[in-house]
Amino acid sequence: MKKILLYLIVFTSNFSGFSQWQSINPGAGGQVQDIVCDPNTPGRLILVSDMEGIYETLDDGESWHIMGDLHQNRVFSVAYSKGDTSKLFVGTLYGLEVSSDSGKTFKLIEQTKRTSIATLAVNPHNNNIVIAGVGWRDDYEFSDTFGLKQSGKGEIYRSTDEGNTWNLVYFDTDISEDRNVVNIEFDKTDSNVVYVGSSMGIYKSSDAGQTWEKIKSPSSTEKNRGVALSPDGKILYAAYSTNGNKGYLYASSTSTINWIEVSFGNNEFLGNYDFWHPEVDPRSKTDSHKVTFGLQSGREGVFEGTFEWHGDMLSHYSWSTIWVGTKGFDTGWDFAPTNPRFVHYTPLNWERALWSTTNQTIFQGLLDGDTYQWKNKYCIPNESIKVSQWGMEFPTYASRGTESTYTYDIAVHNNYVVQGMGDNGAVESWDGGKTWSNMQHRLTIPPISDVQAVDIANRSNTPIVVAQMTSGYGGGALNGNLYAKRLVNNSPKDQWVFIGGGWQQKGGLPSGVFRDIAVSPVNDKRVFVYSTDNGLYMIDDIEQTLKNTEEGKETTCVKISNGIADGIYAVKKIAPHPTNQNIVFINGTRGDKEGVFRGEATNGKWQWTKVYDGANWDSEIVAWENKGKVYLFFSGASKEKGGDGSNFVGALSLDEGKTWKTVITKETAKKLRANSWYDAIADDFRFMNKGGALGYKNEIIMSFYDHTMQKAYGVFKGTIQKNGTVTWQDWTDNLHFGGLTSTVIANQNGVPYVFVSTAGAGAWKRQLD
């Protein structure tokens, strides 16, 4: 390998004292874990996100803003302290966090560090008593991220001083294969009584959580999936599984446990659904209860039950479907049937309402006569731009303030912007990123839900968008499908066309996922795509390829990786040479062929050499030209001199890969920026990223981010000086989630902007100096 030349790194302070980044998102997305109403303040709710922390609304969901700065951003639960608006408790995958200033700052409880907290409850009679349940909701695949085992004793943490100190308490000392705590329910009539619903069963404490006794389960059931208590403390409602996650609902008096299955209402039969988290309307009377529940992943709808009791005897009950499907309400941009992962009644001092979700969304249900009217509380429709699908017209949408999507890539041409998202496909804007739609990703069954790479070719003529589009959720792309569309109208009238790959290996492209797509800046008809586990392919004329496809003619793509570059499993970034269309750089990201490779074609024959020894699935190489000089920049783990183990570095080459200089490390970032949360998690935080490196003129952009912690240390901009030094500045500003995945430069109305996609907060833009 070439010797790395070390040189001076010059530091400057943050160049700007005011906010620069603008969120350009449709709103919500990701998985909305929960919505929690503040019992102290009507209209104040907190949205619990699986991606980037928590959001707050102060106007009943009309607008939202990011809240606080947690130590880890995969959040499961939130609890308020009744009567004390300053106190807030948050449970994350990493531990328990407490705020004493209404969520402006948070303290990580050291005792709970690396312990997932699934649920929280504050004693409504005594704010000093707080209980946190060890668990992970339904995120079983993440439960052991920090070493917590799914098997073990049943555990809660208990505080008697409003969260200042905590003690570990076992509610069951037996070892269970699944000890997930689902929820905690205090008795509103007795300060000493509290229930825990867990996979191990339901447990009752009569001394405010110090000691526990297990309540017998209904016969032929497996796991408890949540417990609810009537306001008078006399009736329990519970969900139990009988077959995997699916099961039935049950009710019993608290005085004598005798479970009755209550899935057979007079008007409606509730099937074997994945019930969890039952809830009783706090307005319920002693002899009449309103009850609802969530569904973990089912889309059967939202149901409300009416239960009539005569003492300990259930005299009558019925169920009604109160929300289902996609008709009769504004679905917002995420057009999907109801998946009510949670359903909550508002507190007593609020206007009566229900809050729920379709998985990635936020809705409020208000009772109008005998019918609930469901209001979209996550995005705002724009009726001036309509997208046609299934013979209907759908508006585009703007966010109310949340941005929770995982966006792999972004591409821009004038007022057309496309985000390549995980789970939501190609999300498109025709007004510069103000409003969005993903209706066109629903072209197939299953929907084209995973778009990992996008770029725009043929800009000198009629621009052509090229995208990797396939089905799959949670990062599990099914296969490689290449789609393209001409931007003839710059409107939703432009349609996607399948041009290559797939199971049929159309156009000579294999079915491996195309993790990156890159257009030659020299010849904008030439497109490079890398098929995972297959190699680098070149489409020499994308315009002709698209035309041939439309006319039903065969097209052929050429594999150009060979020799030392053959057998590279995957590539995060393709970097075409900025001045020579016959040179391209790629970086291998996994296996025994990691690092940066340079390919050059002579008389149509490609030859490859390795020019840098780097590593990691998310490492990148970028290439650009400024004033006749070609620059290369590598972001990733380095195996060369100047590397820092698994921590990422940035390395710059001024001679097309012959020599390299390490220009940014974690120490650079730490000298430029101090984060209040860092010291508490320094042992676990890794200075890496998910991509997003960029070179432009004499400037470089790179972020440091840990995807396990779901925290960004910061975004940094470097200026390459004439003498070869690089001056770095903190460019994070108001970008609360700097986990960049891709970065591009584009002009809008003659003004240059940096557009970034992120691994949890969608897309943002910022005007260049």
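The sequence shown runs 362 to 1130 under the numbering used here. Note that CB positions come from ideal geometry on N, CA and C, so glycine has one too.
- In terms of Cβ geometry, ILE1061 and PHE1009 do not form a close pair [threshold 8 Å].
- With contacts defined by Cβ atoms closer than 8 Å, GLY960 and TRP967 form a contacting pair.
- Contact between VAL393 and ILE415 does not hold, since the beta-carbon distance rounds to 11 Å and is not under 8 Å.
- The C-beta distance from VAL704 to GLY662 rounds to 10 Å, too long to fall under 8 Å, and the pair is not in contact.
- Runs of the beta strand (DSSP E) spanning 3 or more residues and lying entirely within the stretch 927-1004 occur at 932-937, 944-949, 956-963, 966-973, 975-987, 990-999, in chain order.
- Under DSSP, ILE407 forms a beta bridge with VAL397, GLU417.
- Taking one beta carbon from each stretch, the stretch 485-493 and the stretch 549-556 have 3 or more pairs nearer than 8 Å; the two touch.
- Between TYR634 and LYS607, the CB-CB gap stays under 8 Å.
- Our two residues, TRP670 and TYR601, have alpha carbons roughly 21 Å apart in a direct line.
- The stretch 906-923 makes no contact with the stretch 971-989: fewer than 3 CB pairs, one atom from each, lie closer than 8 Å.
- Per the DSSP secondary-structure output, PRO1113 pairs in a beta bridge with ASN1108.
- Take GLY762, set aside five residues on each side of it, and the residues of its chain with a beta-carbon closer than 6 Å to its own are SER424, TRP425, HIS426, in chain order.
- Scanning PHE859, ARG713, SER980, LYS1072 for the CA closest to the CA of GLY404 turns up ARG713.
- Here the C-alpha atom of ARG1034 lies approximately 32 Å from the C-alpha atom of LYS1019.
- DSSP, reduced to helix, strand and coil, places ILE563 within a strand of the structure shown.
- For ARG435, the number of other beta carbons within 10 angstroms of its own is at least 16, and it is reported as buried.
- By the 16-neighbour rule on beta-carbons within 10 angstroms, THR692 is buried.
- For ALA569, no alpha helix (DSSP H) run applies, since DSSP gives it neither H nor E.
- Residue ILE490 holds the alpha-carbon nearest to the alpha-carbon of TYR518 among ASN850, ILE490, ASP535, VAL849.
- The C-beta distance from ASN1050 to SER996 rounds to 7 Å, short enough to fall under 8 Å.
- For SER1014, the CB contacts under 6 Å within the same chain, skipping 5 residues up- and downstream, are LEU993, TRP1021 in chain order.
- For MET1070, the three-state secondary structure derived from DSSP is coil.
- In this model, ASN1095 and ASP430 are separated by some 12 Å (Cα to Cα).
- In this model, VAL1024 and PRO643 are separated by some 59 Å (Cα to Cα).
- Contact annotation: the stretch 503-512 touches the stretch 537-546, with at least three C-beta pairs closer than 8 Å.
- The C-alpha of GLU622 lies about 15 Å from the C-alpha of ALA589.
- Taking 8 Å as the cut-off, the beta carbon of SER438 is found no closer than this to the beta carbon of VAL459.
- Its Cα nearest to that of GLN905, the residue ARG887 stands out among ARG887, ASN785, MET674.
- Secondary structure at LEU1033: helix, using DSSP grouped into helix, strand and coil.
- Counting every other CB atom within 10 Å of its CB across the protein chains shown gives MET753 a total below 16, marking it as exposed.
- Inter-segment contact for the stretch 789-807 and the stretch 862-881 is absent: fewer than three beta-carbon pairs are separated by less than 8 Å.
- Residues of the same chain with a CB within less than 6 Å of the CB of ALA1041, apart from the 5 flanking positions on each side, are HIS432, LEU469 in chain order.
- Note that the stretch 775-794 touches the stretch 824-836; at least 3 beta-carbon pairs, one per stretch, sit closer than 8 Å.
- Relative to GLY863, the option among ARG498, SER892, ALA998 whose CA is nearest is SER892.
- Assignment of PHE703 by DSSP, reduced to helix, strand and coil, places it in the coil class.
- For ASN585, no alpha helix (DSSP H) run applies; the uninterrupted beta strand (DSSP E) run containing it begins and ends at 585-590, by DSSP.
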